[in-house]
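Visitor: One structure is given below, represented as structure tokens, and several questions about it will come after.
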Amino acid sequence: MHASITAAIQDAEERLRQAMLSSDIAALEALLHPDLLFVNHMGWTVTREDDLDAHRGGLLKIHALDLSEQCILPRADCAVVSVLARIAGSYNGVPANGTFRFMRTWAPDSGAGAAAGEAARATPGATAGAWRVIAASSVMVV
1 MHASITAAIQ
11 DAEERLRQAM
21 LSSDIAALEA
31 LLHPDLLFVN
41 HMGWTVTRED
51 DLDAHRGGLL
61 KIHALDLSEQ
71 CILPRADCAV
81 VSVLARIAGS
91 YNGVPANGTF
101 RFMRTWAPDS
111 GAGAAAGEAA
121 RATPGATAGA
131 WRVIAASSVM
141 VV
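Going by the UniProt record's numbering, the first residue of the sequence shown is number 1, and it counts up by one from there.
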């Protein structure tokens, strides 16, 4: 069971990388849980809509995104991923390059509803068996 979860998460991580590089809003919507809670390297809390808006409006542009040191801890109801990301891009027109350590929690989505904390609701655009990021954080590696 853990091998199939690991394979699904590896695939989801690559789809997320590609979606971030191309600012593919539809793909990001499918991969990011509506209740996403992300704490960025500045300590700011970012919601799914904040992230989508940054891509949608061109505020965030990622030109290169190289991942390494990926570690996946699969469980029956979630998977935790730690990955090193070398990013080249811009934020609001200002170069924003660096190396970051991301930690993401992926949760399965039945397509009929997704649990987040104590709330459960339908998740538009999700397919049965899909995995979505529900929590994430990043730190800058110096």
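We treat Cβ as the ideally placed atom computed from N, Cα and C, and that holds for glycine. None of the values given here were measured: they were computed from a predicted structure.
Use the C-beta contact count for His2: other C-beta atoms within 10 angstroms, 16 or more gives buried, fewer gives exposed.
Guide: By the 10 Å Cβ count, His2 comes out exposed.
Visitor: Does the distance from the C-beta atom of Arg104 to that of Val139 stay below 7 Å?
Guide: Cβ distance not < 7 Å, so Arg104 and Val139 don't count as in contact.
Visitor: Could you spell out the range, first to last residue, of the alpha helix (DSSP H) harbouring Ser22?
Guide: Taken as a continuous stretch (DSSP letters only), the alpha helix (DSSP H) holding Ser22 covers 2-22.
Visitor: Should Leu84 and Ser68 be called a contact, given that it needs their Cβ atoms to be closer than 7 Å?
Guide: Taking 7 Å as the Cβ cut-off, Leu84 and Ser68 qualify as a contacting pair.
Visitor: Alpha carbon to alpha carbon, how far is Ala12 from Ser4? Give it in angstroms, no decimals.
Guide: Approximately 12 Å, taken between the alpha carbons.
Visitor: For Leu37, does the three-state DSSP call read helix, strand or coil?
Guide: Correct three-state label for Leu37: strand.
Visitor: In or out: Ile25 buried (at least 16 other Cβ within 10 Å) or exposed?
Guide: Classification for Ile25: exposed.
Visitor: Go ahead and pull the three-state DSSP assignment for Ala96.
Guide: Ala96 falls in the coil class under three-state DSSP.
Visitor: Measure the CB-CB distance between Leu65 and Ile87 and report whether it falls below 7 Å.
Guide: A contact, by the Cβ cut-off of 7 Å.
Visitor: Would you mind working out which of His55, His33, Asn97, His63 sits nearest Cys78, comparing C-alpha positions?
Guide: Per the Cα distances, His33.
Visitor: Looking at the structure shown, is Pro75 part of a helix, part of a strand, or coil, going by DSSP?
Guide: One point to set straight first is that residue 75 is Arg, not Pro, in the sequence displayed. Of the three classes helix, strand and coil, the one that applies to Arg75 here is coil, per DSSP.
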